[in-house]
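Peer 1:
Protein chains: 2
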Amino acid sequence: MNPIRVVQFGLGPIGQACVKVVLQKPGLELVGGIDIDPQKAGRDIGEICGLDRSLGIAVRGDGAAALADWRPQVVLHTTLSFVDHIEDQLTMIIQAGAHVISSSEELFYPFQRNPGFSQRIDTLAKQHGVAVIGTGVNPGFAMDILPLCLTGVCTEVKKIIVTRVVDSGPRRLPLQKKTGAGLSPQEFEHRLATGNFGHIGLRESALAVMDTLGWPVDEIEESIRPVMAETKMTTNFLTVEPGQVAGLRQVLRVKSGGQERLVLELEISVGAKDPRDSVEILGNPSFSMHIIEGGIFGGTATIAALVNTIPKLITAPPGLRTMMELPVPYAFESAGVKL
Amino acid sequence: MNPIRVVQFGLGPIGQACVKVVLQKPGLELVGGIDIDPQKAGRDIGEICGLDRSLGIAVRGDGAAALADWRPQVVLHTTLSFVDHIEDQLTMIIQAGAHVISSSEELFYPFQRNPGFSQRIDTLAKQHGVAVIGTGVNPGFAMDILPLCLTGVCTEVKKIIVTRVVDSGPRRLPLQKKTGAGLSPQEFEHRLATGNFGHIGLRESALAVMDTLGWPVDEIEESIRPVMAETKMTTNFLTVEPGQVAGLRQVLRVKSGGQERLVLELEISVGAKDPRDSVEILGNPSFSMHIIEGGIFGGTATIAALVNTIPKLITAPPGLRTMMELPVPYAFESAGVKL
């Protein structure tokens, strides 16, 4: 079988990491890279990604023409979070006849908050015979697919409580900044008041879980609070003083039938205590799942979620798809990996 | 939408529990029950299942004629573990034009150990436009689908270690007996020597995981050891004296590429210490998942796995299917459940 032809669209930190994983997999062939940054255009993808070798493929900024030249089967799309900002990019990729796997958090489950967008992308994808999906670790796994998977052995489910605590200290600067690390409490409140702050995708996870379980949503209550630093902490990028903000705790509570049925609690902070992933299922049977000692490392897991979806998406029906429709996730091509 | 017409084939403890769950779900309609036991034929299913009401449906032993009368869309099949023993039953159901979801452990992944059977069932199912699948909690979830799902966020997987420890004390007598509870060490060894002892399905779980991850199997090493009782323990059904067998520990180690890549450790014993489900993934990222405080309660989870598969299987392509091909598992119809 010929390897699957892949183009990486977006060569920021996540896109660069995707390139490295694609290069590891014999079943995948990296055929191009697209980025709108004029500083990147023309440079070799290997150089952009910090590889010790040239890949012989120059980054291009002229997306449509580049896609026509490269004819990828799949585009890994890692640019922006909001579907409003990526519709033109997705349209271009679909019109080039390629399947799209995107890290856009809103694309994981866009149907309720962006019905017009969802309809347009679904229709266009069907016209061009390609499938489009949004995935990642969160949304895409830790707070939606994994809890759903656990309910697969329940005859009834009364309530689900999902907790994810992420220590942003070892992670990238953008994650630290967008969760408020190093801000004063006043600056944090000011950011919060803009309405444009906090983790994107928690609501998408909640809507996906509720809809998939057939639970009508009465009401969603969301809160975002600062997590304060008690001691001085230094990351590779910044220092957080005691009394400054270390990160945030974002909680989403969803009612259905007059009862609280789903709680998603997410903390992302520098030096977070007891980083972990937990899922508590109240039902028959009731049980709790814990991934402790750091939880699922999000930096790598997002890349994995994107790449592992490739073989599944290309055999899915055309249209705007969700992770709930694809086969159960699993790693793609680890046979050659040595202990 | 009309409810899905379901027949329960096999009215032992698992079949009876399935009936109760089917009756809870508005999207399912129980239209019949089949059992070969002449003691059951002619009696009302409600009575057989210990319900406080008659269902107005008499159990029948004449499978083919009963299926022709009831015209189910799906048959829940809970009779025997080995595919050799159920091929005639499956053939009858398929020829009646019904999808089949079976608790047969071997049917979860029969391709390698029973290729002739698998080919015949797959061909027949395709001829009749129906899908056939084997599932349950183990095999079907705890030691295969759940570990696979966790690898979905790994860019590489080096090794997987799955541990399931089940306290058989609160479970059914057949589980206690088939794991040796109450035997002397000598009797245990004697049973073991028959080659027909131990949990069925561990090898199917292993083969499913290896094949799905694309790991060629060099060698499978299997061991079964008794777990000895240290104190006197009494279940609803039997008493285990100190020095008698409380259950068994079954371990399967699989090598690929000269390295041990998969270890499945299963203990089922009366009074098992620290009953739990654990999955350790060595890879990128590495992480461990734990379901402690009893693990996933198998009695209910098997029923759930069977019933929750109904809506997914009826839209799957015809043929002999696996849980790795279906969408990620999740609970079916829990909207009406109250806290």
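Those protein sequence lines, which keep their order, are chains A and B. Using the numbering used here, the first residue of the first sequence is number 644, and each one after it goes up by one. Using the numbering used here, the first residue of the second sequence is number 644, and each one after it goes up by one. Quick reminder that beta carbons are idealized off the backbone N, C-alpha and C, glycines included.
1. For the beta strand (DSSP E) that contains Lys955(B), what are its first and last residues?
2. Just tell me which of Arg892(A), Ile657(A), Asn879(A), Ile647(A) has its CA closest to the CA of Ile867(A).
3. Within 10 angstroms of its Cβ, does Glu976(B) collect 16 or more other Cβ (buried), or is it exposed?
4. Chain A partners of Gly795(B), CB-CB under 8 Å?
5. Do Ile700(B) and Gly675(B) have their C-beta atoms within less than 8 Å of each other?
6. Considering just the uninterrupted stretch of the alpha helix (DSSP H) at Gln819(B), what are its terminal residues?
7. Please tell me whether Gly653(A) and Glu748(A) are closer than 8 Å, where the distance is taken between their beta carbons.
8. Got a sec: which bits of the stretch 909-932 of chain B sit with their beta carbon under 8 Å from any beta carbon on chain A, in order along the chain?
9. Among residues of its own chain, excluding the 5 on either side of Ala851(A), which ones have a beta-carbon nearer than 6 Å to its beta-carbon?
10. Using DSSP with H/G/I as helix, E/B as strand and the rest coil, what is Phe784(B)?
11. If we count Cβ pairs, one from each stretch, closer than 8 Å, do we get three or more for the stretch 932-946 of chain B versus the stretch 656-671 of chain B?
12. DSSP three-state call for Gln651(A): helix, strand or coil?
13. Looking at chain B, which residues of the stretch 957-969 of chain A have a Cβ within less than 8 Å of any of its Cβ atoms?
14. Fully enclosed by the stretch 895-952 of chain A, which beta strand (DSSP E) runs are 3 residues long or longer?
15. Along chain B, which residues have their Cβ under 7 Å away from the Cβ of Thr798(A)?
16. To which residues of the same chain is Gly926(B) closer than 8 Å at the C-beta, ignoring the five residues directly before and after it?
17. Can you list the residues of chain A that Gly857(B) reaches, using a CB-CB cut of under 7 Å?
18. If the criterion is Cβ atoms closer than 8 Å, does the pair Gly825(A) and Val883(A) meet it?
19. Quick check on the burial criterion: 16 or more other C-beta atoms within 10 angstroms. Buried or exposed for Gly886(A)?
20. Indicate the three-state DSSP secondary structure (helix, strand or coil) for Val805(B) in the structure shown.
21. Going by C-alpha to C-alpha distance, which of Ile677(B), Arg648(B), Gly890(B), Asn781(B) sits closest to Glu873(B)?
22. Can you check whether the C-beta of Cys792(A) is within less than 8 Å of a C-beta belonging to chain B?
23. Leaving out five residues before and five after Leu816(B) in sequence, what residues of the same chain have Cβ atoms less than 6 Å from its Cβ?
24. Specify the secondary structure class of Ser866(A) as computed by DSSP and reduced to three states.
25. Thr965(A): which of Ala974(A), Lys955(A), Tyr973(A) sits nearest, CA to CA?
26. Could you tell me which of Lys820(A), Arg648(A), Pro656(A), His833(A) sits nearest to Trp713(A), measuring between CA atoms?
27. Between Thr654(B) and chain A, is any beta-carbon pair separated by less than 8 Å?
28. CA-CA distance, Gln651(A) and Gly823(A)?
29. Which residues in chain B have a C-beta closer than 7 Å to the C-beta of Leu982(A)? List them in chain order.
30. Taking C-beta pairs closer than 7 Å, name the residues in chain A that Val775(B) reaches, listed in chain order.
31. Ordered along the chain, which non-local residues of its own chain (more than five positions away) have a Cβ less than 8 Å from that of Glu730(A)?
32. At 8 Å on the CB atoms, spell out the chain B contacts of Ile934(A), in chain order.
33. Cβ atoms of Pro828(A) and Pro869(A): under 8 Å apart, would you say?
34. On the criterion of 16 or more Cβ atoms from any shown chain inside 10 Å, does Met644(B) qualify as buried, or is it exposed?
35. Find the nearest neighbour of Gly962(A) within the set Gly706(A), Thr766(A), Ile863(A), judged by alpha-carbon distance.
36. Assign Asp678(B) to one of two classes, buried (16 or more other C-beta atoms within 10 Å of its C-beta) or exposed (fewer than that).
Peer 2: A quick look at the data gives this:
1. Premise fails: Lys955(B) lies in the alpha helix (DSSP H), 953-956, not in any beta strand (DSSP E).
2. Just measuring C-alpha positions, the residue of Arg892(A), Ile657(A), Asn879(A), Ile647(A) sitting nearest Ile867(A) is Arg892(A).
3. The residue is buried, with at least 16 neighbouring Cβ atoms inside 10 Å.
4. Phe784, Ile788, Ala947, Ala948, Asn951, Val971, Pro972, Tyr973, Ala974, listed in chain order.
5. Cβ atoms of Ile700(B) and Gly675(B): closer than 8 Å.
6. Start and end: 816-821.
7. Taking 8 Å as the Cβ cut-off, Gly653(A) and Glu748(A) do not qualify as a contacting pair.
8. Answer in chain order: Leu925, Gly926, Asn927, Pro928, Phe930, Ser931, Met932.
9. The answer, listed in chain order, is Tyr752, Asp787.
10. Residue state, collapsed to three classes: coil.
11. Contact between the stretch 932-946 of chain B and the stretch 656-671 of chain B is present, because at least three Cβ pairs lie under 8 Å.
12. Strand, per DSSP.
13. From the stretch 957-969 of chain A, only Met966, Met967, Glu968, Leu969 have a Cβ closer than 8 Å to chain B.
14. Segments of the beta strand (DSSP E) lying fully in the stretch 895-952 of chain A: 902-912, 919-927, 930-934.
15. Under the 7 Å cutoff, chain B gives Val664, Thr943, Ile946, Ala947, Val950.
16. Closer than 8 Å at Cβ, skipping near neighbours: Thr794, Cys797, Thr798, Glu799, Val800, Lys801, Lys802.
17. Correct list: Glu976, Ala978.
18. Yes, Cβ-Cβ distance for Gly825(A) and Val883(A) is below 8 Å.
19. With fewer than 16 other Cβ atoms within 10 Å, it is exposed.
20. DSSP places Val805(B) in strand when its eight states are reduced to three.
21. Taking only the C-alpha atoms, the option nearest Glu873(B) is Gly890(B).
22. It does: the Cβ of Cys792(A) has a partner Cβ on chain B nearer than 8 Å.
23. Taking C-beta separations shorter than 6 Å and ignoring five residues to either side along the sequence, the partners of Leu816(B) in its chain run Phe880, following chain order.
24. When DSSP states are grouped into helix, strand and coil, Ser866(A) belongs to the strand group.
25. Selected option, being the one with the closest Cα: Lys955(A).
26. Nearest C-alpha to Trp713(A): Arg648(A).
27. According to the sequence displayed, residue 654(B) carries Leu and not Thr. No, its Cβ sits nowhere closer than 8 Å to a Cβ of chain A.
28. Looking at the backbone, the Cα of Gln651(A) and that of Gly823(A) are separated by about 29 Å.
29. Against chain B, the beta carbon of Leu982(A) has neighbours under 7 Å at Lys801, Lys802, Gln902, listed in chain order.
30. Simply none; closest approach about 17 Å.
31. In the same chain as Glu730(A), and ignoring 5 residues on each side of it, the C-beta atoms closer than 8 Å to its own belong to Phe760, Arg763, Ile764, in chain order.
32. The answer, in chain order, is Phe930, Ser931, Met932, His933.
33. Result yes, Cβ atoms of Pro869(A) and Pro828(A) sit closer than 8 Å.
34. Of the other Cβ atoms in all chains shown, fewer than 16 fall within 10 Å of the Cβ of Met644(B); this residue is therefore exposed.
35. Considering only Gly706(A), Thr766(A), Ile863(A), the residue with the shortest C-alpha distance to Gly962(A) is Thr766(A).
36. Around the CB of Asp678(B), 16 or more other CB atoms lie within 10 Å, so the residue is classed as buried.
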